[in-house]
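Everything in the sequence shown is counted per the working numbering, starting at 162 for the first residue and increasing by one.
What follows is a short report on a single structure.
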Amino acid sequence: MVHRVLFWTGFGVAVRFWQLGLEMRPFFNRGSLWAYPVFAGVGASFGYWLQGVDERQTAMLTERKQTILEKRARKAARDAEKAAA
């Protein structure tokens, strides 16, 4: 989980660098240093949210896979009974 949050934090800071580069403004201007933690925080929030989405989807897929495997086992048992009869 931490790696995803850290990646998106870095991505947020990189977006800030890119923004200042496009505007051709200095990267470390004293008046605009407050924006780096904001961009990093937004990126970290997105990474945290994305981690939650990933966990929910993985749980849903695992549950669905288990359901399908149980259904296949029941069908195989029914087919075996029909073949034996």
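Every residue gets a Cβ at the ideal spot worked out from N, C-alpha and C, and that includes glycine.
These numbers were taken from a predicted model, which means no experiment stands behind them.
> Would Gly-204 pass as a contact of Gly-173 if the rule is Cβ separation under 8 Å?
Replying inline: yes
>> My output table needs one value for Pro-187: the three-state DSSP class, helix, strand or coil.
In response: coil
>> When you compare the CB positions of Ala-196 and Arg-217, do they come within less than 8 Å of one another, or not?
In response: No.
> Does the Cβ of Thr-170 have 16 or more other Cβ atoms within 10 Å, making it buried, or fewer, making it exposed?
Replying inline: buried
> If we ignore side chains and look at the alpha-carbon of each, how far apart do Pro-198 and Ala-175 end up?
Replying inline: 12 Å
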